[in-house]
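Residue numbers (my numbering): 15 to 234.
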Ligand SMILES: *[C@@H]1O[C@H](CO)[C@@H](O)[C@H](O)[C@H]1NC(C)=O
Ligand SMILES: *[C@@H]1O[C@H](CO)[C@@H](O)[C@H](O)[C@H]1NC(C)=O
Ligand SMILES: *[C@@H]1O[C@H](CO)[C@@H](O)[C@H](O)[C@H]1NC(C)=O
Ligand SMILES: *[C@@H]1O[C@H](CO)[C@@H](O)[C@H](O)[C@H]1NC(C)=O
Ligand SMILES: *[C@@H]1O[C@H](CO)[C@@H](O)[C@H](O)[C@H]1NC(C)=O
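If you want it as structure tokens, here you go:
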């Protein structure tokens, strides 16, 4: 075997190692959780000769070696970190908005020194939608004998909800204008939706003759 072939083979070898290392990392997994949820980060490798590091935003916060866990950064999740030897997992409980960030699980076979697939998670913690309300006002146009209703759908949540009215017809957006004849009633149904939650509320409005000309109502 000549030297040229030998060196070509080793270059190929280096390339192959490079490619294998590149493919060693799984792509990012996006996780959407609500405030108060738990995040379980499990290894799914055989326990034998396993060494694992869990990182949050680059820094190691837990490690598993010699069949034992270490809470490396107890100040990070305080008493919200649970470590489980049965399935080599760590769980962050009672998530809050500030826990959003990047989690990485790095695993190695201690005996063979083979690096196992590194797992990447991008966690986004969101606020559930609460208190969807329909707020409205209206004016009675005496000349046409109709009421012009102007309605808003309002809710809190993170990320900000998007709104749609599903009755009387489906329309997008937080505002809706309708007109009703005197004495007519309509039940309106608004939905507020974000990445992790959806909530509905309904409101029945009635067109009545009112002397003030305008009325402002809040449903609680
Ligand atoms: C590490 O390698 C040993 C020997 O090949 C094997 O028995 C064991 O299951 C491996 N452990 C992991 C976590 O890959
Ligand atoms: C891992 O073990 C814990 C504690 O026994 C359990 O609550 C959790 O559901 C297990 N996770 C999986 C994916 O089996
Ligand atoms: C972790 O990184 C995310 C995104 O870069 C950031 O929003 C968050 O504040 C960081 N958390 C800590 C505790 O540094
Ligand atoms: C509803 O009417 C109000 C006042 O006339 C107007 O400002 C608003 O743009 C209208 N909204 C829609 C969604 O048509
Ligand atoms: C509002 O619409 C949603 C979706 O169609 C439905 O699930 C919900 O029951 C409706 N609410 C009421 C009070 O009708």
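Using N, Cα and C, we set each Cβ at its ideal position, and we do this for glycine too.
Only a predicted model underlies this, so the values are computations on that prediction, with no experimental measurement involved.
Own chain residues within Cβ distance below 6 Å of residue i, not counting five before or after
i: residue 167; result: 148, 177, 188 and 204
Cβ-Cβ distance between residue i and residue j below 8 Å
i: residue 163; j: residue 192; result: yes
i: residue 170; j: residue 144; result: yes
i: residue 114; j: residue 139; result: yes
i: residue 130; j: residue 49; result: no
i: residue 202; j: residue 165; result: yes
i: residue 146; j: residue 213; result: yes
i: residue 43; j: residue 68; result: no
i: residue 1; j: residue 161; result: The chain is shown from 15 up to 234; residue 1 falls before or after that span and cannot be answered.
Pairwise C-alpha distance: residue j and residue i
i: residue 219; j: residue 120; result: 58 Å
i: residue 62; j: residue 53; result: 25 Å
i: residue 197; j: residue 222; result: 6 Å
i: residue 37; j: residue 122; result: Low confidence applies here, because residue 37 scores a pLDDT of 46, under 50, leaving its location unreliable; read the following figure in that light. The straight-line gap from Cα to Cα measures roughly 15 Å.
i: residue 134; j: residue 206; result: 31 Å
i: residue 185; j: residue 71; result: 41 Å
i: residue 97; j: residue 127; result: 24 Å
i: residue 108; j: residue 216; result: 32 Å
i: residue 11; j: residue 179; result: Look at the range of the chain in this structure, 15 to 234, and you will see that residue 11 is not part of it.
Proximity test, Cβ basis, 8 Å: residue i and chain B
i: residue 191; result: Looking at the structure shown, chain B is missing, and only one protein chain is on hand.
Supposed contact pair residue j and residue i - C-beta distance, whole angstroms, cut 8 Å
i: residue 182; j: residue 208; result: About 24 Å; that fails the 8 Å criterion.
i: residue 79; j: residue 58; result: Wrong, their Cβ atoms sit about 17 Å apart, outside the cutoff.
Beta-carbon contacts of residue i that lie in its chain and below 7 Å, excluding the five residues immediately before and after
i: residue 137; result: 45, 47, 53, 113, 114, 115 and 117
i: residue 101; result: 56
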